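Read through the structure below, which is laid out as structure tokens, and then see the notes.
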Amino acid sequence: MKNNSGAALITAIIVVTVIGFLGVIVAALFVSKTASTTDRLSSVRAQFIAEGGLEKGIKGYRADCDNHAGEANVALGGGQFTINLSTTAFDGTTLPDVQKRISSTGNIAGAVKKVEQIVACSAPLTVPLAIATVTTSVGG
27 MKNNSGAALI TAIIVVTVIG FLGVIVAALF VSKTASTTDR LSSVRAQFIA
77 EGGLEKGIKG YRADCDNHAG EANVALGGGQ FTINLSTTAF DGTTLPDVQK
127 RISSTGNIAG AVKKVEQIVA CSAPLTVPLA IATVTTSVGG
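Per my numbering, numbering through the sequence shown is continuous, rising by one, with the last residue being 166.
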């Protein structure tokens, strides 16, 4: 009888240990999934901030084609964006004088998104010549 009670105690300890490990694994998966969801949300928010910055850059360029130079670290939606203007197309060729490549980089909570569009100074705002999402990074 004493031998059986010792075996039962060892079995109980093993079962409790296995259940404890399973609990730790479930908790780790939950924390990992939560962090992944937070990173995804930050990435989406950075995309929206970059797109908002792009719209502001387009409007600023069309309002003053000759003197608009972009903007840096403009606050929007809890994050910020930076607008840059370039005279080269996506393939590196030089754009005509009436066009610029406008890029906007949005960032929030370690997530960074960059969108670019080639814009003609006199073109209607609703007709993009080209648009591209070019970079994504999420920091932890």
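Virtual Cβ for every residue (Gly too), placed ideally from N, Cα, C. Only a predicted model underlies this, so the values are computations on that prediction, with no experimental measurement involved.
- Of the candidates T113, G32 and G118, the residue whose Cα lies closest to the Cα of V124 is T113.
- Annotation: K82 to V52 spans about 45 Å, alpha carbon to alpha carbon.
- By the CB criterion at 7 Å, S68 and I134 fall inside the cutoff.
- The secondary-structure analysis by DSSP pairs S112 across a beta bridge with R127.
- Boundaries of the beta strand (DSSP E) harbouring N99: E97 to L102, taken from the DSSP string.
- The C-beta separation of R71 from G103 comes to about 7 Å, placing the pair in contact by the 8 Å criterion.
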